[in-house]
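**Q** Mind having a look at this structure? Questions to follow.
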Amino acid sequence: DDATILKACAEASEVGAVQAVNFNCPGQTVIAGKTAGVEAAVEKLKSAGAKKAVILPVSAPFHSTLMAPAAKKLAAELDKVELNDAAFPIAANFTGELETSAADIKKNLVAQADNPVKWIACVGAMKNFGAETFIECGPGKTLCGFNRRIDKQIHSLNVEDIDSLKKTLDALKV
Numbered sequence: 294d295d296a297t298i299l300k301a302c303a304e305a306s307e308v309g310a311v312q313a314v315n316f317n318c319p320g321q322t323v324i325a326g327k328t329a330g331v332e333a334a335v336e337k338l339k340s341a342g343a344k345k346a347v348i349l350p351v352s353a354p355f356h357s358t359l360m361a362p363a364a365k366k367l368a369a370e371l372d373k374v375e376l377n378d379a380a381f382p383i384a385a386n387f388t389g390e391l392e393t394s395a396a397d398i399k400k401n402l403v404a405q406a407d408n409p410v411k412w413i414a415c416v417g418a419m420k421n422f423g424a425e426t427f428i429e430c431g432p433g434k435t436l437c438g439f440n441r442r443i444d445k446q447i448h449s450l451n452v453e454d455i456d457s458l459k460k461t462l463d464a465l466k467v
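One point on numbering: in the working numbering, the residue at position 57 of the sequence shown is 350, and numbering is uninterrupted.
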């Protein structure tokens, strides 16, 4: 559970920065940080009875505080861009809430670079807003799988090529 993961990360931080960075779905939380911290947290989680704790090769500790320099650069670049308020709500990974304000969207884009992704909360916010069908764009069906684990009633579609676009349009009756 999340409390066990947060505790393991806090304890493992003594040997290297590590934190929970993706709250993807029930049973799947991703941690990231310095290698020593991640390894220590994984051992603590295994000792605590985790069913699965795997170290994955990644290029950077995304959504962790170690990404603060990148977040700062992103903020500087976003300051050069003028955004309008959104015509429809945008789910913010950082807060797990829906936003329409251009200022809030910019702020959350920066914050999500070095803070955890709250996908479970995002899905809940979208459902509360009235979303009934979710469309994942890009290769694979990762988010579709997360959505199924969050709520089996969620209808998720995937668009990753022309064939899947046609299937999605057919399913939407567009």
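Ideal placement from N, C-alpha and C gives every residue a C-beta, glycine not left out.
Rounding to the nearest angstrom, what Cα-Cα distance links Gly389 and Trp412 in this structure?
**A** Distance between the alpha carbons of Gly389 and Trp412 is about 7 Å.
**Q** Who are the Cβ neighbours of Ala333 in its own chain at under 6 Å, not counting the five residues just before and after it?
**A** For Ala333, where only same-chain residues beyond five positions count, the Cβ hits under 6 Å are Ala305, Val308.
**Q** Going by beta carbon distance, what residues of the same chain come within less than 8 Å of Val313, once the five residues before and after it are set aside?
**A** Just to set this straight, residue 313 is Ala in the shown sequence, not Val. Here the set comprises Asp295, Ile298, Leu299, Cys302, Thr322, Val323, Ile324, Pro409.
**Q** Helix, strand or coil for Phe439, going by three-state DSSP, please let me know.
**A** Helix at Phe439.
**Q** Would you mind sorting Ser352 into buried or exposed? The rule is 16 or more other CB atoms within 10 Å of its CB.
**A** Under this definition Ser352 is an exposed residue.
**Q** Any idea which residues DSSP pairs Ile383 with across the strands?
**A** Partner(s): Glu392.
**Q** In whole angstroms, give me the CA-to-CA distance for Ala369 and Lys399.
**A** Those two C-alpha atoms are separated by around 11 Å.
**Q** My understanding is that Ala364 touches Asp407, with C-beta atoms under 8 Å, so please give their C-beta distance in whole angstroms.
**A** At roughly 4 Å, the Cβ-Cβ gap stays under 8 Å, so Ala364 and Asp407 are in contact.
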